[in-house]
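Just below is one structure, and these are the notes that go with it.
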Amino acid sequence: METSLRFDSGNKHLKLFAKEKFCNDDNYVLTVSGSLDTRDGRVESRAYVRKKFFPSSVLSRVDMGLSYATTQDDVKYGVAGKKTFELDHDGLLTLDVKGGCMVGSKGFSRPDVAGSVELTKKIFNFVEDQDLKLRLGYDLCERGFYGQIRENNWTFNTNFRDKWDVKYDL
Numbered sequence: 452m453e454t455s456l457r458f459d460s461g462n463k464h465l466k467l468f469a470k471e472k473f474c475n476d477d478n479y480v481l482t483v484s485g486s487l488d489t490r491d492g493r494v495e496s497r498a499y500v501r502k503k504f505f506p507s508s509v510l511s512r513v514d515m516g517l518s519y520a521t522t523q524d525d526v527k528y529g530v531a532g533k534k535t536f537e538l539d540h541d542g543l544l545t546l547d548v549k550g551g552c553m554v555g556s557k558g559f560s561r562p563d564v565a566g567s568v569e570l571t572k573k574i575f576n577f578v579e580d581q582d583l584k585l586r587l588g589y590d591l592c593e594r595g596f597y598g599q600i601r602e603n604n605w606t607f608n609t610n611f612r613d614k615w616d617v618k619y620d621l
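With the working numbering as the guide, the letters of the sequence shown map in order to residues 452 to 621.
Encoded structure:
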């Protein structure tokens, strides 16, 4: 089980987060996650099932599935894809192209469309026993850049404008 403490610039509340993935040999994945807000005790949860497809092209993936979040009270269906291009011989510098679409079951909302392009650099043993991952991306829907710095347990995300969050893996 993955557990973490999370804090973001939007609601300024510390949350305790937990997530568990259950996989089978047919590439079906059930993911259950939840968070507890330490300020007011509010609980949010989400569950989603997806089928992963790995087309014959190298380093690509397509997911199809459905999700339910307690904050939205709607079952959503969707498809997402990712294509990774290795930019150096050791695979530590990559360019990822991601896209997807989610549609609600209640029918009155617009589809949630997502698309991004990311450049990721992994640096092993940046300092002794500490790895570092740097990511710079462009969100096609938000029309803006975002970034991530990840150390072994710490992650910092920002959109370089007004949003940021910090995560500490327990």
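Every residue, glycine too, gets a C-beta built ideally from N, C-alpha and C.
DSSP places E602 within a strand segment (E or B) once states are collapsed to three. When the alpha-carbon of Q599 is set against those of N608, C592 and G551, the nearest one is in N608. The alpha-carbon of P506 is positioned some 33 Å away from that of S455. By the C-beta density criterion, G492 is exposed, having fewer than 16 other C-beta atoms within 10 angstroms. Around the beta carbon of K527, 16 or more other beta carbons sit within 10 angstroms, so the residue counts as buried. The three-state secondary structure of T454, taken from DSSP, is strand. Closest in alpha carbon position to G588, among D582, F596 and Q581, is F596. The Cβ atoms of L481 and V500 sit closer than 7 Å to each other. Closest in alpha carbon position to S484, among K534, E471 and L583, is E471. T609 has G598 and W615 as its beta-bridge partners, per DSSP. DSSP links R586 through a beta bridge to T571 and Q599. In the DSSP secondary-structure assignment, G516 is bridged to R501 and G529.
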